[in-house]
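Residue numbers (our numbering): 200 to 629.
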Amino acid sequence: MSRSVVVLGIQWGDEGKGKVVDLLTEDCAAVVRFQGGHNAGHTLVIDGQKTVLHLVPSGILRDSVQCLIGSGVVVSPDALIGELQTLEQAGITARDRLVISPGCPVILSSHIALDQARERARGSDAIGTTGRGIGPAYEDKVARRGIRLGELGNVDTCSERVEELVEYHNFLLTQRFGAEPVDVSECVSRIPAWRDRLSPMMGDVSGMLEAYSNAKSNVLFEGAQGALLDIDHGTYPFVTSSNTIAGAAASGGGTGPLAFDAVIGVIKAYATRVGAGPFPTELHETVGAHLAERGNEFGATTGRPRRCGWFDAVLARRACWLNSASGLCVTKLDVLDGLSELAICVGYRRGGEVLDDPPWDSAGLAECEPIYEYLPGWVERTGSVRRLEALPAAARTYLDRLEELLGVPVDIISTGPDRDDTMVLRDPFQ
Ligand code: IMP
200 MSRSVVVLGI
210 QWGDEGKGKV
220 VDLLTEDCAA
230 VVRFQGGHNA
240 GHTLVIDGQK
250 TVLHLVPSGI
260 LRDSVQCLIG
270 SGVVVSPDAL
280 IGELQTLEQA
290 GITARDRLVI
300 SPGCPVILSS
310 HIALDQARER
320 ARGSDAIGTT
330 GRGIGPAYED
340 KVARRGIRLG
350 ELGNVDTCSE
360 RVEELVEYHN
370 FLLTQRFGAE
380 PVDVSECVSR
390 IPAWRDRLSP
400 MMGDVSGMLE
410 AYSNAKSNVL
420 FEGAQGALLD
430 IDHGTYPFVT
440 SSNTIAGAAA
450 SGGGTGPLAF
460 DAVIGVIKAY
470 ATRVGAGPFP
480 TELHETVGAH
490 LAERGNEFGA
500 TTGRPRRCGW
510 FDAVLARRAC
520 WLNSASGLCV
530 TKLDVLDGLS
540 ELAICVGYRR
550 GGEVLDDPPW
560 DSAGLAECEP
570 IYEYLPGWVE
580 RTGSVRRLEA
590 LPAAARTYLD
600 RLEELLGVPV
610 DIISTGPDRD
620 DTMVLRDPFQ
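So this is what it looks like as C-alpha cells:
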C-alpha cells in the first residue's frame, strides 16, 4: 500500500527536519518541497559527512529518490544553480532527479535588495529575516506581478517583464528606502543562462504526484521553517511569508487535501528561534547557554546564533492541531543530557489570568509568563542511543510527558545528527 506523508516543523524551524526526511525517504519514490525558498537550511550528516541543503529536497542523497519542487516554493535561480554545483562537486548528481514546477515564483536580486532595505528601515522592529528576498517574492506573487520560472523559456518576453519589475523595485528602493537601485541590465542579462540551466529540469509536478498516487508509490512532503512561522497562524508579523503548515503541502505541492496518510510533526526536545519575535520560554542564563553550545544552535542559512529556551507545550499543542499531526519526531534529546532539572511550559500567566492556549497576537504572547512543570533530568549520555530501553528512565519520562501534553504519539526519536542515530518506533510509511 502506498503512503503520502508530510514531515514538518512544529516550532520556529530548525527542528532537524532534514535528517528525518532523509531517513524516511529510504522507501520513497519522491520527496516534495512545497513552500519557502532558500531561507531554509536542512543539514544532513551521513557517515560523518555534512551536507546543507537550502532548496533541493532532502531526498537528494538517495539515488533512487525523485526530488520535486512544487509551485508553492519561491526559487532563486542563482541559489539553485549554486546548490546544484555544490552537490555535484560532492559527487551527488542532482540534475537527473530534480523536477521543478514552472509555476514557481522567481527571486531576483532586487527582491533581496528590497528585503534587506525593509529590514534596515524597520530598525529595532526588524523581523530578522534571512535577507534572501523571500517576503518580497511572495508579495509579488500575490500581487500578480511576479515572474514565474516557466517564463524563462521565452527570453524576449521574460526580459521585458523582468525589466519592468526591477524598475518598480528600484522605485521603491530609491524613493521609499533611500537605498541603491539594482542594475536592471545585469538582472536581464542572466535570463538566458538561467533558462539553459533550469528549463531542462522543469516539469509538471502536480501531474507527477497524480501519477505516483496512481502507481501506489510512497511520497514524502518536506516542510520548511516551522508551524509557528506560518504567515496566517504564526507569531505575525515575526513569521515567514508562506504557509508552513500541512495544509500548504496540498496547495504548494499540487495535490488535494485528502492526499495525505500521516503528518509527522518534528519537535526539538527544547525550543529555539532565530530572528525577532515573542518567545515566552526563552532562557538567557546558563541553561540557555548550555542548550546553545551543546545543540550547536547557529542558523544553517545565516550562521546567526539561535535563541534557546524550554519546550513550550502550549504553542506546540496548538501547532499539532493546526497540522493534524498524527505522530511526533523528537530531535536533539541528547542536548538535554547533563541538566539536573528540565522544565516544560504547560500554560501562561498574563496579567492576573491563567491561559491554556496562546493569545491570538504577538503582542499578547510577549506579555505571557510561562507556567512550568519541572521534571528530573539525567546525567547519562543519550547521544547515539538507538534503543528505547537503553534511554535513561528520566528521558523516557520526559518523552512520555511530551506525548501526553501534545496528545500525539512519539513515533521517532533522534539522538544525534547522523542518519543512524535514530529510533523509529512506528514507521509512518508502514
Ligand atoms: P524570511 O523567511 O527570510 O522572510 O524570515 C522571516 C522569519 O523566519 C525570520 O525570523 C527568520 O529567522 C525565520 N526563518 C526563515 N527561514 C527559517 C528557517 O529555515 N529556520 C528558522 N527560521 C527561519
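For every residue, glycine included, the Cβ atom is placed at its ideal position computed from N, Cα and C.
With which residues is cysteine 635 paired in a DSSP beta bridge?
Here the chain comprises residues numbered 200 to 629, so residue 635 is not present and cannot be evaluated.
To the nearest angstrom, how far is it from the Cα of glutamine 265 to the Cα of tyrosine 411?
11 Å
How is phenylalanine 370 classed by DSSP in three states: helix, strand or coil?
helix
Taking 6 Å as the cut-off, is the CB of leucine 419 close to at least one heavy atom of ligand 1?
no
Proximity winner among Ser561, Thr480 and Val623, relative to leucine 527 (alpha-carbon distances):
Ranking Ser561, Thr480 and Val623 by CA distance to the CA of leucine 527 puts Val623 first.
Hey, is isoleucine 209 close to ligand 1, as in C-beta under 6 Å from one of its heavy atoms?
no
Identify which residue in Thr596, Leu254 and Pro479 has its Cα closest to the Cα of valine 545.
Pro479
Serine 241, enclosing beta strand (DSSP E) - first and last residue
Inspection of the sequence shows that residue 241 is occupied by histidine rather than by serine. Residues 241 to 245.
Pull up the DSSP beta-bridge partners for proline 575, would you.
Glu540
Segment contact flag, the stretch 353 to 363 with the stretch 386 to 402, C-beta cutoff 8 Å, min 3 pairs:
yes
Specify whether the stretch 587 to 605 and the stretch 547 to 555 touch according to this definition: at least 3 beta carbon pairs, one from each stretch, less than 8 Å apart.
no
State the Cα-Cα distance for the pair proline 304 and arginine 503, rounded to the nearest angstrom.
27 Å
Proximity to threonine 621 [Cα-Cα], best of Leu587, Ile430, Pro380 and Asp382
Leu587
With distances taken between CB atoms, is the gap from histidine 368 to leucine 313 smaller than 7 Å?
yes
Where the alpha helix (DSSP H) containing arginine 563 begins and where it ends:
Here residue 563 is glycine; the residue named in the question, arginine, does not match the sequence. Glycine 563 -> alpha helix (DSSP H) spans 561 to 565.
Please list the terminal residues of the continuous beta strand (DSSP E) segment that includes cysteine 519.
Not the beta strand (DSSP E): cysteine 519 falls in the alpha helix (DSSP H), residues 512 to 521.
Mind checking whether valine 274 and leucine 348 have CB atoms under 7 Å apart?
yes
Looking at glycine 433 and ligand 1, is the gap between the Cβ and the nearest heavy atom below 6 Å?
Outside the cutoff, so no.
Identify whether alanine 458 lies in helix, strand or coil by the three-state DSSP scheme.
coil
What are the partner residues of tyrosine 547, as DSSP defines its beta bridges?
Leu554 and Pro569
Can you look up threonine 356 in the DSSP assignment and give me helix, strand or coil?
Helix at threonine 356.
Hey, could you find the ends of the alpha helix (DSSP H) alanine 447 is sitting in?
Per DSSP, the continuous alpha helix (DSSP H) segment holding alanine 447 begins and ends at 446 to 452.
So what does DSSP say about alanine 228, is it helix, strand or coil?
coil
For threonine 530, verify whether its CB is less than 6 Å away from any heavy atom of ligand 1.
no
N- and C-terminal bounds of the beta strand (DSSP E) containing glutamine 265
That run of the beta strand (DSSP E) goes 265 to 268.
Going by C-alpha to C-alpha distance, which of Val255, Leu490 and Arg344 sits closest to alanine 470?
Leu490
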